[in-house]
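The working numbering puts the first residue of the sequence shown at 130, with every later residue one more than the last.
For glycine and all other residues, C-beta sits at the position ideal for the given N, C-alpha and C.
Remarks on the structure that follows.
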Amino acid sequence: MVSSQEQSSGPTSQRILDAMPIIEEILEISGTPSLSIAVIYDGNLLHAQHFGFRDVGEKLAPDDNTRYNINSMTKAIFASLVALEVSDGRLEWSSRVKDYLPNFASRVSIIQDECTISDLLSHGTGLPDRNVAWFGSHNSHLLERDQALPTFATLLPIGGFRRSFVYNNWGYEIVGQILEKVTGKSLGNLLADRIFKPLNMTRTSTVWDDDDGNNARSYAVLDDLSVTEVGRPQMIDGKLMQAAGGVKSTLHDLVILYQEMLAAMSATLSEGLNTRPENIFQQCLDIFKHQRTLPDFSIREQSYGFGWFRAQLPGQLNRLAGNTQPIIGKGVPSQLVLYHPGGMSGSSTAVYLLPEIQSAVIALQNSTGPIDAADHVAELLVERLLGVPDPVDICNLVRTQTLGAFACMGKVKEQLEGTRESGTSPKPLTKYVRRYRNEIHNWVITIRLENGSLTIAWQNLELEKFPLSHYHHNTFTWWMSWNEVMKSGRFPNLSLPYWLIEFCFDGGDQVTELRWAWDASLPEHKESFKLY
Numbered sequence: 130m131v132s133s134q135e136q137s138s139g140p141t142s143q144r145i146l147d148a149m150p151i152i153e154e155i156l157e158i159s160g161t162p163s164l165s166i167a168v169i170y171d172g173n174l175l176h177a178q179h180f181g182f183r184d185v186g187e188k189l190a191p192d193d194n195t196r197y198n199i200n201s202m203t204k205a206i207f208a209s210l211v212a213l214e215v216s217d218g219r220l221e222w223s224s225r226v227k228d229y230l231p232n233f234a235s236r237v238s239i240i241q242d243e244c245t246i247s248d249l250l251s252h253g254t255g256l257p258d259r260n261v262a263w264f265g266s267h268n269s270h271l272l273e274r275d276q277a278l279p280t281f282a283t284l285l286p287i288g289g290f291r292r293s294f295v296y297n298n299w300g301y302e303i304v305g306q307i308l309e310k311v312t313g314k315s316l317g318n319l320l321a322d323r324i325f326k327p328l329n330m331t332r333t334s335t336v337w338d339d340d341d342g343n344n345a346r347s348y349a350v351l352d353d354l355s356v357t358e359v360g361r362p363q364m365i366d367g368k369l370m371q372a373a374g375g376v377k378s379t380l381h382d383l384v385i386l387y388q389e390m391l392a393a394m395s396a397t398l399s400e401g402l403n404t405r406p407e408n409i410f411q412q413c414l415d416i417f418k419h420q421r422t423l424p425d426f427s428i429r430e431q432s433y434g435f436g437w438f439r440a441q442l443p444g445q446l447n448r449l450a451g452n453t454q455p456i457i458g459k460g461v462p463s464q465l466v467l468y469h470p471g472g473m474s475g476s477s478t479a480v481y482l483l484p485e486i487q488s489a490v491i492a493l494q495n496s497t498g499p500i501d502a503a504d505h506v507a508e509l510l511v512e513r514l515l516g517v518p519d520p521v522d523i524c525n526l527v528r529t530q531t532l533g534a535f536a537c538m539g540k541v542k543e544q545l546e547g548t549r550e551s552g553t554s555p556k557p558l559t560k561y562v563r564r565y566r567n568e569i570h571n572w573v574i575t576i577r578l579e580n581g582s583l584t585i586a587w588q589n590l591e592l593e594k595f596p597l598s599h600y601h602h603n604t605f606t607w608w609m610s611w612n613e614v615m616k617s618g619r620f621p622n623l624s625l626p627y628w629l630i631e632f633c634f635d636g637g638d639q640v641t642e643l644r645w646a647w648d649a650s651l652p653e654h655k656e657s658f659k660l661y
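Right, dumping it as structure tokens:
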């Protein structure tokens, strides 16, 4: 797949080639089993390379046609699909959600009455993500699609409507349901007919093909840098959150996609056009422009459009990531970067577009670990593209972050121990054994007594069962070590209340409810789960 352009791009090409040993070192330090990268320069493919194994057990290397789940990189593709419907007159960016989905509701009256497609695609509702409600162990789904609207209706605001940026996957799911309603087609078919087939992206879809022998397996990295396999992402056609992260694609197909997007942006930048007749992407001025300002201070732009983050270099990229973000692009002329990361258990991805120089970096990773290797490798390659004279020492950053990540759950345990009241005892364990459910009755927590100890299970599923240990009084903890989190196919959570389960009694020995601060964005709010 490496283009002949590599031979004619001089110093830029050499800088990219010189970065390949650094990438190998990043993967070795962090235990990342596999990575596929591509670099586009001046609209042409400059370099593509694959590292490690897509299948660790069989020692099978990835190639240009290996399929990865691209996670939230899906959002930009989905926003472009919405734009096509806007151009066709079926929707408007200002269309109110309730006009298409009468059951749409919110605890915030102005959101219920006025929320638009634009508000949802730009993460402008001020409502938190609460991924815990749908995302389970090994990428399992804990809710069906018909529970999206009821769940969205329960979200409590943490920011102002149209006055804040609060990342929220539910908004994309809801717009996806609107698209299916107005077109009468599934999202998978819409994406295929309107984007993938016209671009000849033959190995891109929203479903897994079990007979396809070239899918990347999903892994999690343990603290000895070994890996354990986890279930692959299940956001597929007809399932919850498909619009937010359900596309599966290859490096080959994504190069085609982003070359087309860069061409669309070229017209936007140079001529102020919303589209060009020969380009499939429409409404480009709306998709790519600033819609919401990101939180926290920045001298230069840090914002979000529709499915795209925007950052003006020098500056931080991927400010919402778990990684500590360095300042990228010092010492060279300022550049606008459009980017989007993506992450599910056992999968991490990143794309960075530099429209002013018609360039891009794509990174696809088949693991979850102590760092987001795809993100850091993409930052490394952006600096090499730009010829930054004193680039960030990414390897040193990765060493520090890897050690910190492996220690993070131990620190959570230490903090929990620091707030624990000693000398208390629980009631007889049988008093806690019940089933509890939330206010809208779509989430069940089951407490069992097994071999003399309590267990807790989400949605009464064996895959979602975890041991409970007494914390103090009528509160128990389900804290897990780093390795236990990784083996369960979940993500570390550093919110202390998240790991505590409180039982409430009627003044005697009858339990009445269970309380759990399951939303890390609202750590002081304990959700009530009543007896079922």
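Integer-rounded CB distance, given that residue j should sit under 8 Å from residue i
i	j	result
I574	V562	Not really, about 12 Å apart at Cβ, beyond 8 Å.
N268	G475	7 Å
Y468	A450	About 11 Å; that fails the 8 Å criterion.
Y627	A646	6 Å
H270	L369	6 Å
L391	A492	With a Cβ gap of about 17 Å, L391 and A492 do not count as contacting.
A349	V336	Not confirmed; about 23 Å, so no contact.
V421	F294	Note on residue identity: the sequence assigns Arg, not Val, to residue 421. At roughly 4 Å, the Cβ-Cβ gap stays under 8 Å, so R421 and F294 are in contact.
N161	A502	In the sequence on display, residue 161 carries Thr and not Asn. Yes, they are in contact, since the Cβ atoms of T161 and A502 sit about 4 Å apart, within 8 Å.
L578	L597	Contact doesn't hold; Cβ gap of about 10 Å is too wide.
P257	D648	6 Å
Opposing strand residues paired with residue i [DSSP bridges]
i	result
A646	Its beta-bridge partners do not exist; DSSP assigns none.
K659	R566, E642
Q445	I456
S378	Y197
K594	A586
G181	S163
G475	Answer is none; G475 lacks a bridge partner.
S432	T422, R439
Y481	Y468, V490
I630	F605, W645
F290	Answer is none; F290 lacks a bridge partner.
H176	V168
F264	H270
T497	A349
Residue from the options with nearest C-alpha to residue i
i	options	result
P424	R405, L210, E407, Q445	Q445
L442	A450, F435, P455	P455
S165	L174, I151, R183	R183
L320	F294, D338, S378	S378
N495	I199, D171, G547	I199
S201	W222, Y301, A190	Y301
H654	L284, R225, T333, R429	L284
Q371	A536, R225, M615, E309	E309
I409	C244, Q178, L328, P150	L328
M330	R549, D382, P596	D382
V311	L230, K594, M394	L230
I246	I152, F207, Q276	F207
E631	G374, D648, Y600, G637	Y600
A507	L483, A646, N612	L483
P191	R323, I585, I303, A167	A167
A277	H602, L532, N298	N298
N571	S235, R236, A282, P257	A282
I457	M473, G472, G471, Q431	Q431
Q411	E400, H419, A393, V185	A393
F605	Q588, K616, L590, L583	L583
L465	L174, Y481, G265, R236	Y481
G265	Q588, W611, S624	Q588
I152	S235, E243, L510, D366	L510
Range of the contiguous beta strand (DSSP E) that encloses residue i
i	result
H505	Taken as a continuous stretch (DSSP letters only), H505 belongs to no beta strand (DSSP E), being part of the alpha helix (DSSP H) at 502-515.
A440	438-441
A492	488-494
T283	Run containing T283: none; DSSP gives neither H nor E here.
Start-to-end residues for the alpha helix (DSSP H) that takes in residue i
i	result
M615	611-616
G305	298-312
F207	203-216
I416	413-417
Which whole runs of the beta strand (DSSP E) in the region 539-583 are 3 residues long or more, in chain order?
Here the runs fully enclosed are 564-566, 573-579.
Which parts of the region 218-257 are runs of the beta strand (DSSP E), unbroken and 3 residues or longer, counting only runs that do not cross its ends?
Entirely contained in the region 218-257, not one beta strand (DSSP E) run reaches 3 residues.
Run through the region 319-374 for me and flag every whole beta strand (DSSP E) of 3 or more residues, listed as ranges in chain order.
347-350, 356-359
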